[in-house]
Amino acid sequence: MIEIYWGSPLTLVISEDGDTKKFTTIEQAYYWLNKKWPVTDKARDRAIELIDAAMNCLAPVSAARLAFVSAARTAGFIPDYDLVEVSPGV
41 MIEIYWGSPL TLVISEDGDT KKFTTIEQAY YWLNKKWPVT DKARDRAIEL
91 IDAAMNCLAP VSAARLAFVS AARTAGFIPD YDLVEVSPGV
């Protein structure tokens, strides 16, 4: 499988202790949404849908990236904006 470029890495704060996770590929985001996500909600479902579409060249990667950030917020993860560019090239 070819990894799809999705812009600058997204870094999320994933614990109250300040632990972070850097997402460098769309495939990593897809895996986390499906296997490690702490909540199942509409934002997560939408992110999975858009990431899947982007990986199949049916939706813009930027839309998938924004949906992932939205899902991260509803899951309680905090985007580390000092390290992340949310929507590259938009």
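Remember, my numbering sits 40 above the position in the sequence shown when you count from 1. Built from N, CA and C at the ideal position, the CB exists for glycine as well.
#1: Determine, using beta carbons only, whether PHE108 and ALA87 come nearer to each other than 8 Å.
#2: Would you say the beta carbon of ALA83 is closer than 7 Å to some non-hydrogen atom of the ligand NAD?
#3: Count the CB pairs spanning the region 86 to 102 and the region 68 to 78 that are closer than 8 Å, and state whether there are at least three.
#4: Leaving out the 5 sequence neighbours to the left and right, which residues in its chain are closer than 6 Å to ALA111 when beta-carbon positions are compared?
#5: For CYS97, which of ILE66, ILE118, THR114 has the nearest alpha-carbon?
#6: Please determine, among PHE117, TYR70, ALA115, ASP57, the residue with the shortest C-alpha to C-alpha distance to VAL101.
#7: What does the Cβ neighbour count give for ARG113, buried or exposed, with the cut at 16 atoms within 10 Å?
#8: Do ALA104 and ALA94 have their C-beta atoms within less than 8 Å of each other?
In terms of the structure at hand:
#1: For the purposes of this step, residue 108 is taken as residue 68 along the sequence shown, with counting starting at 1. For the purposes of this step, residue 87 is taken as residue 47 along the sequence shown, with counting starting at 1. Yes, the pair counts as a contact, with Cβ atoms nearer than the cut-off.
#2: In the structure on display, the ligand NAD does not appear, and there are no ligands present to speak of.
#3: yes
#4: Here the question's residue 111 lines up with position 71 in the sequence shown. These residues qualify, in order along the chain: ALA83, ARG84, ALA87.
#5: What you label residue 97 is simply residue 57 of the sequence shown in a count that begins at 1. Of ILE66, ILE118, THR114, the residue nearest in Cα terms is ILE66.
#6: Against the sequence shown, residue 101 aligns to sequence position 61. If we check each option's Cα against that of VAL101, TYR70 comes out closest.
#7: On the sequence shown, residue 113 is found 73 positions in, with the first residue counted as 1. Exposed, since its Cβ has fewer than 16 Cβ neighbours within 10 Å.
#8: For the purposes of this step, residue 104 is identified with residue 64 of the sequence shown, where counting begins at 1. For the purposes of this step, residue 94 is identified with residue 54 of the sequence shown, where counting begins at 1. In contact: ALA104 and ALA94 (Cβ atoms closer than 8 Å).
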